[in-house]
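Enquirer:
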Amino acid sequence: MESAFLQPLVIDYRVSRRVLIYLILLHTLAQLALLCSYPGWPAVVPASWLLILCLYRQFLQCLDHTGNLTGYRFILDQDNRWWVRDRTGKETDIRLLPGAFVHPCIVVIRFEDHASQTHVLILSDDNLDALSLRRLRVRLRYPPTGDPA
Numbered sequence: 665m666e667s668a669f670l671q672p673l674v675i676d677y678r679v680s681r682r683v684l685i686y687l688i689l690l691h692t693l694a695q696l697a698l699l700c701s702y703p704g705w706p707a708v709v710p711a712s713w714l715l716i717l718c719l720y721r722q723f724l725q726c727l728d729h730t731g732n733l734t735g736y737r738f739i740l741d742q743d744n745r746w747w748v749r750d751r752t753g754k755e756t757d758i759r760l761l762p763g764a765f766v767h768p769c770i771v772v773i774r775f776e777d778h779a780s781q782t783h784v785l786i787l788s789d790d791n792l793d794a795l796s797l798r799r800l801r802v803r804l805r806y807p808p809t810g811d812p813a
């Protein structure tokens, strides 16, 4: 009998609010650290505005990134090959790049498409159901090597 973890894994991508909250929290803490580290606040104002601008830019990029991927379906088959199905139903095979970050709450995966462009997929436990996230973590940590003995 085949393990449920080796069956094809289908990831329907949704927007992650947790990643956006982490982004805002990181920039807020950097802002506070910058303001607390220098006693003279007028010297810190340009750097503060730069941090606010970076937050705004990254927030828009994150929204654009997740908005562009909403409706995409990522498929990992039994042979450890990855496929992407876009909103129109067109399937494209992609290659998983080494160096995936696997944590119980977040998974960061890098892909390369046919045009040799690198794409990053950030999955957390709020934009993927618990069983799919667990199966993905297992498949990334322990890729199938062949038939069991």
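For the sequence shown, position 46 (counting from the first letter as 1) is numbered 710 according to my numbering, and the numbering increases by one without interruption. No residue lacks a Cβ here, since even glycine has one placed at the ideal position from N, Cα and C.
With residue 745 as the anchor, note down where its beta strand (DSSP E) starts and where it stops.
Expert: Looking at the DSSP string, residue 745 is not in any beta strand (DSSP E), and its letter there is neither H nor E.
Enquirer: Do residue 759 and residue 776 have their CB atoms nearer than 7 Å?
Expert: Yes.
Enquirer: I'd like the span of the beta strand (DSSP E) that includes residue 788, first residue to last.
Expert: It spans 782-788 - the beta strand (DSSP E) in which residue 788 sits, taken as one unbroken run.
Enquirer: Assuming residue 675 contacts residue 738 under a Cβ cut-off of 8 Å, what Cβ separation, rounded to an integer in Å, is found between them?
Expert: Indeed, because the Cβ distance is near 4 Å, the residues count as touching under 8 Å.
Enquirer: If I measure Cβ to Cβ from residue 690 and keep anything under 7 Å in the same chain, skipping five residues before and after, which residues do I get?
Expert: Here the set comprises nothing.
Enquirer: Using the rule of at least 16 other Cβ atoms within 10 Å of the residue's Cβ for burial, across every protein chain shown, is residue 748 buried or exposed?
Expert: Buried, because 16 or more other Cβ atoms sit within 10 Å of the Cβ of residue 748.
Enquirer: According to DSSP, simplified to helix, strand and coil, what is residue 811?
Expert: For residue 811, the pLDDT reaches just 45, beneath the cut-off of 50, and the residue's location in the model is therefore unreliable, although a value from the coordinates is still provided. Coil.
Enquirer: So if DSSP puts residue 757 in a beta bridge, which residue, or which two residues, is it bridged to?
Expert: In DSSP, residue 757 forms a bridge with 747.
Enquirer: Does the contact criterion of 3 or more C-beta pairs under 8 Å hold for the stretch 690-701 versus the stretch 709-727?
Expert: Contact holds: three or more Cβ-Cβ distances are below 8 Å.
Enquirer: Give the secondary structure of residue 665 by DSSP, where H, G and I count as helix, E and B as strand, and everything else as coil.
Expert: Because residue 665 sits at a pLDDT of 47, beneath the cut-off of 50, its placement in the model cannot be relied upon, and the following sentence gives the value as read from the coordinates. Looking at residue 665 - three-state DSSP - the assignment turns out to be coil, as it is neither helix nor strand.
Enquirer: Taking residue 677 as the reference, give the member of 784, 778 and 805 with the closest Cα.
Expert: Closest by alpha carbon: 784.
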